[in-house]
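Everything below concerns the one structure shown next.
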Amino acid sequence: MNNERNIFDALQEEIMQSDLPEAEKNRRLSALLKASSRKINIMLVGATGVGKSSTINALFDMGAATVGVGVDPETVDIERYELGNLTIWDTPGLGDGVEEDKAHIGQIVKKLSETNDDGSLLIDLVMVVLDASSKDMAVSYDVINNTLIPCLGEDNAHRILIALNQSDMAMKGRHWCPVSNEPDDTLTAFLDEKAESVKRRIFEATGVTVEPVYYSAGYTDGEEEQNPYNLSKLLFYILMAVPVEKRLVVVGKLNVNQNNWSCNDRDYTEDVTEAVTESLWDSVLKGAGVGAEKGAVIGSQALGVPGKLIGGLVGAIYGGLCSLFGKLLTN
11 MNNERNIFDA
21 LQEEIMQSDL
31 PEAEKNRRLS
41 ALLKASSRKI
51 NIMLVGATGV
61 GKSSTINALF
71 DMGAATVGVG
81 VDPETVDIER
91 YELGNLTIWD
101 TPGLGDGVEE
111 DKAHIGQIVK
121 KLSETNDDGS
131 LLIDLVMVVL
141 DASSKDMAVS
151 YDVINNTLIP
161 CLGEDNAHRI
171 LIALNQSDMA
181 MKGRHWCPVS
191 NEPDDTLTAF
201 LDEKAESVKR
211 RIFEATGVTV
221 EPVYYSAGYT
231 DGEEEQNPYN
241 LSKLLFYILM
251 AVPVEKRLVV
261 VGKLNVNQNN
271 WSCNDRDYTE
281 DVTEAVTESL
291 WDSVLKGAGV
301 GAEKGAVIGS
311 QALGVPGKLI
321 GGLVGAIYGG
331 LCSLFGKLLT
341 N
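Residue numbers (the numbering used here): 11 to 341.
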C-alpha cells in the first residue's frame with residue numbers, strides 16, 4: 011500500500027497546477043490545510059462476536075493503523091486504532107457477564123463524555139454493530155436505549171448508527187446466493203423486517219428514530235473467502251452521520267480492495283459521490299472565491315463523478331484527485 015499520497019495531497023497538487031491567480035491558490039491551499047488537520051473519532055459498540063473487527067477491517071485500511079489502548083486506567087480495555095486523523099475506538103464486547111458489562115458500559119460513558127480542546131464532544135459517531143442472525147439483542151437494546159442515546163441526547167441522535175452485520179447468516183445461511191453474494195427475495199424481506207423491528211423498538215423506548223443498515227462484512231479463513239455485502243451502503247450512512255467537513259478524512263482512509271465495495275442492494279455511487287463532493291465544497295471551496303455554483307470546481311473545470319465511485323477512491327489514494335472523480339468535465 012502506497013501511503014505517500016492521499017486525497018489531500020491530490021487536492022493540493024490539483025490546486026498548485028491550476029491556472030488560478032496566486033491569491034486564489036493561496037486561499038484554497040489555506041482552506042485545504044485546515045480541512046486536512048481536522049480529526050474524526052468513531053466508536054464501535056456491540057456484543058461479543060458480532061463482527062466489529064471484521065467491519066472496520068472491511069471498511070478501512072487497517073494495515074496502516076497504529077494500535078493503542080485508552081489513555082487512562084478507566085478506559086484501558088478500549089482499543090484505539092489511529093489512521094492519521096481518523097481514530098477508531100473499539101469498545102470491549104458486551105454480553106459476557108453482568109459485572110463485565112457494567113465495567114465496559116462505564117468505560118463507554120466516560121469516553122462519550124470526553125471533549126476536544128474546543129469543548130465539542132470527542133466522539134463524532136457511535137456505530138453499534140448488531141448480529142442480524144441473533145434473536146437475543148437484549149443487552150444491545152439496553153445499551154442503546156439506556157446508555158448511548160441518553161449520553162448523546164436527542165439533539166445528537168444523528169451521531170448513532172445501527173449496523174446489522176452477518177446478514178448472510180440471518181436465516182441460518184438459507185436464502186443467501188453465494189454466486190451473486192446477495193440475499194434472495196425471501197431473505198431480503200426478512201432483513202427489511204429485522205431492520206424495521208430494530209428501528210421500532212428503539213423508537214418506542216427512546217422516541218429517537220434510527221435507520222438501521224444491514225450488511226455483511228465478509229470473511230476469509232485462508233481457504234474460503236466471502237466478499238462484503240452492502241458495504242457501500244454502510245459507508246454512505248457513515249458519511250451522512252459524521253460532520254460534513256470531516257467526510258474527506260473518512261474517504262481518505264478506506265480499504266482499497268475493490269471487491270469489498272462491489273455487492274450492494276443497489277448502486278450507491280451517486281449517493282456517496284454527492285456526500286464526498288459536498289464535503290469537498292464545504293471544506294475547501296466554500297468561501298474561497300469560487301463563485302456561486304455548488305460542486306468541486308478547480309480553475310475553469312468541474313470535477314464530474316461518472317463511473318464507479320469506489321474504484322475511483324482507490325485511484326485517488328494511489329493516483330490523485332482526477333481518479334477519484336473519474337475524469338475532468340469542462341463547464
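For every residue, glycine included, the Cβ atom is placed at its ideal position computed from N, Cα and C.
These figures come from a predicted structure and were not determined experimentally.
Query                                                                                                                                                                 : Result
Taking only three categories from DSSP, how would you classify Asn175?                                                                                                : strand
With distances taken from CA atoms, which of Ile88, Thr125 and Asp128 is nearest Ala113?                                                                              : Ile88
Does any residue of chain C bring its CB to less than 8 Å from the CB of Ile212?                                                                                      : Of the protein chains in the structure, only one exists, and it is not chain C.
Check each candidate in Thr216, Arg184 and Leu241 and name the one with the smallest Cα separation from Tyr224.                                                       : Leu241
Roughly how many whole angstroms lie between the Cα atoms of Ser207 and Phe18?                                                                                        : 41 Å
Report the partner residues of Cys187 according to the DSSP bridge assignment.                                                                                        : Glu192
Using the three-state DSSP reduction, which class does Lys256 fall into: helix, strand or coil?                                                                       : helix
Could you check the C-alpha separation between Asp292 and Val254 for me, to the nearest Å?                                                                            : 7 Å
Residues in the same chain with beta-carbon distance under 6 Å from Leu249, minus the five sequence neighbours each way, listed in chain order, please.               : Arg257 and Ala285
Could you tell me the alpha carbon to alpha carbon distance between Ile172 and Glu34, rounded to whole angstroms?                                                     : 42 Å
At 4 residues or longer, what runs of the alpha helix (DSSP H) sit wholly inside the segment 106-133?                                                                 : 108-123
Assess contact between the segment 126-140 and the segment 51-69, defined as three or more Cβ pairs (one per stretch) separated by less than 8 Å. Is contact present? : yes
What's the C-alpha gap between Asp275 and Ser190?                                                                                                                     : 11 Å
Any idea what DSSP makes of Pro83, helix, strand or coil?                                                                                                             : Residue placement at Pro83 cannot be trusted, given a pLDDT of 43 that sits under 50; what the coordinates show is reported in the next sentence. Three-state DSSP puts Pro83 in a helix.
Please report the straight-line C-alpha distance between Ser343 and Gly103, rounded to a whole angstrom.                                                              : What the structure shows of the chain is the stretch from 11 to 341, and residue 343 is not part of that stretch, so it cannot be assessed.
Should Arg184 be labelled buried (16 or more other beta-carbon atoms within 10 Å of its own) or exposed?                                                              : exposed
Which whole-angstrom value is the C-beta distance of Val282 and Arg48, which I expect to be below 8 Å?                                                                : About 19 Å separates the two Cβ atoms, so there is no contact after all.
Can you tell me whether Gly305 is helix, strand or coil according to DSSP?                                                                                            : Because the pLDDT of Gly305 is 37, which lies under 50, any placement of that residue in the model is unreliable, and the number read from its coordinates should be weighed accordingly. In this structure, Gly305 counts as coil in the three-state DSSP scheme.
Assuming contact is defined by CB atoms lying nearer than 8 Å, are Thr198 and Ile159 in contact in what I supplied?                                                   : no
Is the CB-CB distance between Asp127 and Gln176 below 8 Å?                                                                                                            : no
Please report the residue range of the beta strand (DSSP E) in which Leu140 lies.                                                                                     : Leu135 to Asp141
Out of curiosity, what's the CA-to-CA distance linking Trp271 and Met26?                                                                                              : 32 Å
Between which residues of its own chain and Ser63 is the CB-CB distance below 8 Å, once the five residues before and five after are set aside?                        : Asp100
What do you get for Cys273, buried or exposed, if any count of 16 or more other CB atoms within 10 angstroms of its CB means buried?                                  : buried
Could you tell me whether the Cβ atoms of Asn237 and Phe70 are closer together than 8 Å?                                                                              : no
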